[in-house]
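Here the sequence shown is numbered in the numbering used here, starting from -18 and rising by one per residue.
Don't be surprised by glycine CBs; every beta carbon is placed ideally from N, CA and C.
Small disclaimer: the values here were computed from a predicted structure and weren't measured.
First the structure, in the form of structure tokens, and then the observations on it.
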Amino acid sequence: MPEIAVILPTLNERENLAPMIARIEAALAGIDWEAIVVDDDSPDGTADEARMLARTNRRVSVIHRVGRRGLASAVIEGVCATAAPVIAVMDADHQHDPALIPQMLEKLRVGEADLVVASRFAEGGSAQGLSSANRERGSRIANRLARMLTGVELTDPMSGYFVIGTERVRALAPRLSGIGFKILLDILSLSRGQLRVAEVPMQFGQRLAGESKLDRAVAFEFLAGLYERYFGRIIPTRFAMFATVGGAGVLVHLAVLSMLYPGMTATFWKAQAIATFSAMSFNFWLNNWLTYRDKRLRTLPAFVRGWALFCAACSVGALANVGLASLIEALVGHWLLAAIAGIVVGSVWNYALSNRFVWGR
Ligand code: GDD
Ligand code: MN
């Protein structure tokens, strides 16, 4: 039985794979290892390449997933597929140097730690391989946020390179989120306080071939996931997003109004009507794109139908808003309180109706 399984999640890494296996082979000489490539049906034929390598190297095996996507879920699947007691999770694009594995494994072996993380931000490490200054800044912010919210004292809880006992991850598997890139962070926050953690500095290298898959959608899912875990029970994530979009809609409304009205190119009510419609349309588009990205209306008929329904839902919300605000104003005589109560109740109505009729199915 191999001592350690190297889990290599891949999405379009065909050219990187053979040299990667060769580097692992060289780094792990004297250790009994296996490598599990978990590929998400990459269009470039990474899985074929992996099978080809597996034919000549018995240490290599392949999980070829069809119809599923995600770095984190690929890692979980790889972990569940090995009999080795220890796993190393690393990127397949050469940004992680496999030469670190023996020293990471050693820390586990001597009982110094239960989890060893290769860190770009530990003393002696470097993040130079990050493709841009922006990306590096983003990475530091994500790390700081993650540390703040999880209370984990690690310099790089977002690292994609770590060594840990297989059973520890497998035990957490049902509760790990398969979404996005933040597998290590999830492991850390689910086993808070129960893992002794050590770090080794790493020089985060340049990608050999191909390009990064960490895009804006992954970054967004990361933030939404953090929100969900820590505030989701107080104000549901979707409602928080819906309300934020609504806030942006108010700005759109005011901007359109200020463009149309002061020049007297239109009477106030016309300008107000156009501004309202612009804001509703903007909100519909943004909600469809962000808040309901998992249920996005994509075809033209569905989109147009959803747009109309959304405007109808907003009208109901507006009626509730005006009605309640007028009532409170009449009873209590406090205009600001009345207006805020109207906005809150109107938004909840908007949300409930949109949720049910526009994106519900
Ligand atoms: N199976 C599978 N499915 N693999 C994936 C997927 C996916 O949806 N998305 C990415 N991968 C694989 C890539 O093929 C690569 O081997 C590894 O996961 C890392 O992906 P990259 O796209 O190279 O990520 P990166 O270099 O931008 O990000 C690195 O830094 C992040 C923190 O800044 C990685 O180390 C991340 O793990 C890390 O969180
Ligand atoms: Mn990479």
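Annotation for Ser262: no beta strand (DSSP E) segment contains it, though the alpha helix (DSSP H) segment containing it runs 249 to 267. Check the Cα spacing between Leu300 and each of Arg286, Ser193, Val329: the tightest is with Val329. Annotation: Ser112 is outside any beta strand (DSSP E) and is labelled neither H nor E by DSSP.
Less than 8 Å divides the Cβ of Ser120 from the Cβ of Leu111.
Under the three-state reduction of DSSP, Val47 is assigned to coil, being neither helix nor strand.
By the C-beta criterion, the stretch 166 to 177 is judged not to be in contact with the stretch 63 to 70, since fewer than 3 inter-stretch pairs fall below 8 Å. With respect to Val41, Leu52 sits apart: the two C-beta atoms are not nearer than 8 Å. Counted as a single uninterrupted DSSP element, the beta strand (DSSP E) harbouring Ala69 occupies residues 67 to 70.
Between Ile(-15) and Leu86, the C-beta gap is smaller than 8 Å, which places the two residues in contact. Exclusion of the five residues before and after Glu310 leaves Trp316, Ala319 as the residues of its chain whose Cβ lies within less than 7 Å of its Cβ.
Residue environment analysis places Asn331 among the buried positions, since at least 16 neighbouring C-beta atoms fall within 10 angstroms of its C-beta.
Non-local C-beta neighbours of Ile57 in its own chain, meaning closer than 8 Å and more than five positions away in sequence, comprise Val150, Ala154, Leu157, Gly159, Ile164, ordered along the chain. Counted as a single uninterrupted DSSP element, the stretch harbouring Leu135 is not any beta strand (DSSP E), since DSSP gives it neither H nor E.
Residue Val325 holds the alpha-carbon nearest to the alpha-carbon of Gly227 among Gly132, Arg279, Thr131, Val325.
DSSP assignment within the stretch 261 to 321 yields the following whole alpha helix (DSSP H) runs of 4 residues or more, N-terminal first: 281 to 313.
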